[in-house]
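A short write-up of the structure that comes next.
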Amino acid sequence: MGSEAKKSEAELCAHMQAYLDGEIEAFDALYAAFAGRLRGYLLQQCRDASLADDLLQETFMQMHRSRRTYQPGRPVTPWVYAIARNVYLMKRRSAGRRARFEETLAADARSSDGSRDALDTIAEGDAVRRALRGVPADQRQALLMHHVEGWSFVEIAERLGIRVNAAKTRAFRGVRKMRERLK
Amino acid sequence: MNAPKDLRDRIKSDLRPTRPLWPPAVRALVLIPLAVAIVLSVPGLRFFRSDMQAIGFLKAWGFSFGQALAGLVIIGVALRESIPGRGLSRGAAAATIAIGLAIPFALLAVTASAFNVGPEPGHALEEGIGCFRVSAISAIPALIAAAWLAARAFPMRPALAGALYGLGCGLIADAGLRLFCDYTVPTHVLLGHGGAIVGAMAVGAIVAKIIPRS
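Line by line, the protein sequences give chains H and S.
Quick note on this note's numbering: the first sequence kicks off at 41 and runs consecutively.
Quick note on this note's numbering: the second sequence kicks off at 93 and runs consecutively.
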C-alpha cells in the first residue's frame, strides 16, 4: 500500500472513529469518500443505474446499523465493501424470491386446461386481487412488503415495529390464505 | 459528493455515540467460564472414565482443556468471520474445519493404547446414541452464547460462521465427553463423538441462518 493510500486509510479510520462517537460530519466525510466508488461498484454488480442508487443508500443505512462491528484502527475500506456486497446479494436474493412468488401465484391462478386468453388473464388478475383482499390486513402488508416489494424480514420488522419472527409468520400465513382462496 | 437529505436526516436522527464490539479474540475469551463448566460438568454429573489414573493427568485433563481451548480459538475465528471485511478465505475456512475435526481423533490416537475398547455386543447403538446425546446437550449452552455473540456482529456468510462456532462448541462438549467415555473403537468414536461435533456444526449453521443479524 502506498503512503498516499495509507494516509487516506488513516483519515478514513479517523472519520469512522468520529462517526462512532456520534458526529454527523464524520458521516458526511465518509459519504463523500465512498459514495462515488461504491456506486461504481454496485453499478458494475447490478448493471442498473437506479437500482445502484437505491443499493448505495441501503449500503449507508446498513453501515449505520452495523457501525459497532467496525474495529477501530482497522482499514475502513474492506469493511464498507463487504457491507455493500452483502446489500447487493440480499437484494438479488429477494428479487429472485419475488420472481418465484409471482410465478407461483400465476401457476396457482392458472386453470388446469392450460388454454389462456385475455379474458382468462383478467379473470386471474381479479382472482388474485380478490384473494389478496381476503387476507387480513396485517398479513397482507407483510406479504406484499416481502414478496412483492422485496423487503427483508428484518427491514419489515423494523418498519412495522414488530419482531422478525412475527413478520415471517404474518407473511407465511398471508401466502397460505391466498393459496387457499385461489384453489 | 453530498449525502441525499433524506438519508442524512435518517442517519442523524438515529446517531448517538456507539461503543464498538470488542475484538473477536476478546469476545471468545468471554466464553472461558462456560467452556470450563461444560468440560467439568459432562463427567462431573455422571462419572469419570475408568482409566483416568492409567492415562495420567496430562492425557486426561491436559488434553481435554487443550481441546476446549482449540474450540474457543475456533469460536474466535467464527467471530472474526462474522465481522464485515474480515471473512476467511476458502482455504483458511476449510483448513480450520479440517483441523478442528481432526483434533479429537488425534488426541484419541495419542491417548489410546489400542482401538478395541468398545460397548458390549448388542449395545453399540445404544451407547453411541448415549454419547451423541450427552455431547449434543452439553454443546447447547455454548452454542447459544456463541450464536448471540456472532449475531451481534454482521456475518456476511452466516452459515459458515455458524458452522465454525458450532464446531468450536462441539469440540468443547467433546472435551468433557472424553473424560467420561473411554471407548476407543472407531465406529463409536466416529459416529457417537464425531457425529455430535458435526451435528453441532450443522445446528450452528442453521441457527446462524435463522437468527436476525444486527
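Note that beta-carbon positions come from the ideal geometry of N, C-alpha and C, so glycine has one too.
In this text the structure is predicted, and so the values were computed from the model without any measurement.
The C-beta of residue 245 (chain S) comes closer than 9 Å to at least one C-beta of chain H. Secondary structure at residue 111 (chain H): coil, using DSSP grouped into helix, strand and coil.
Non-local C-beta neighbours of residue 128 (chain H) in its own chain, meaning closer than 7 Å and more than five positions away in sequence, comprise 82, 85, 86 and 95, ordered along the chain. One finds 112 in chain S with Cβ atoms closer than 7 Å to the Cβ of residue 110 (chain H), taken in chain order. Following the DSSP letters along the chain, one finds residue 202 (chain S) inside the alpha helix (DSSP H) bounded by residues 182-203.
For residue 209 (chain H), no CB of chain S lies under 9 Å from its own CB, so it is not counted at the interface with that chain. Residue 120 (chain S) has a beta carbon lying at 9 Å or more from every beta carbon in chain H. About 4 Å separates the Cβ atoms of residue 159 (chain S) and residue 267 (chain S), confirming a contact at the 8 Å cut-off. Scanning chain S for C-beta atoms nearer than 9 Å to the C-beta of residue 64 (chain H) yields 100, 103, 104 and 107, reported in chain order. Interface annotation, residue 178 (chain S): in contact with chain H, CB-CB separation under 9 Å. Against residue 248 (chain S), the close residues of chain H are 122, 123, 125, 126 and 129, in the order they occur along the chain (beta-carbon pairs closer than 9 Å). Residues of chain H with a Cβ closer than 7 Å to the Cβ of residue 175 (chain S) are, in chain order, 109 and 111. Contact annotation: the segment 52-67 of chain H touches the segment 112-120 of chain H, with at least three C-beta pairs closer than 8 Å.
Taking 4 residues as the shortest admissible run, the segment 223-278 of chain S contains the following complete alpha helix (DSSP H) segments, listed from N- to C-terminal end: 250-269. With its beta carbon less than 9 Å from one in chain S, residue 101 (chain H) belongs to the interface. Collapsing the DSSP output to three states places residue 98 (chain S) in a helix. The closest CA to that of residue 164 (chain S), considering only S:148, S:138 and S:131, is found on S:131. Contact of residue 139 (chain H) with chain S is not assigned, every C-beta pair being separated by 9 Å or more.
Linking residue 228 (chain S) to residue 172 (chain H) through their CA atoms gives a straight-line distance of about 44 Å. Taking 7 Å as the cut-off between beta carbons, the residues of the segment 48-79 of chain H near chain S are 60, 61, 62, 64, 67, 68, 71, 72, 75 and 76, in sequence order.
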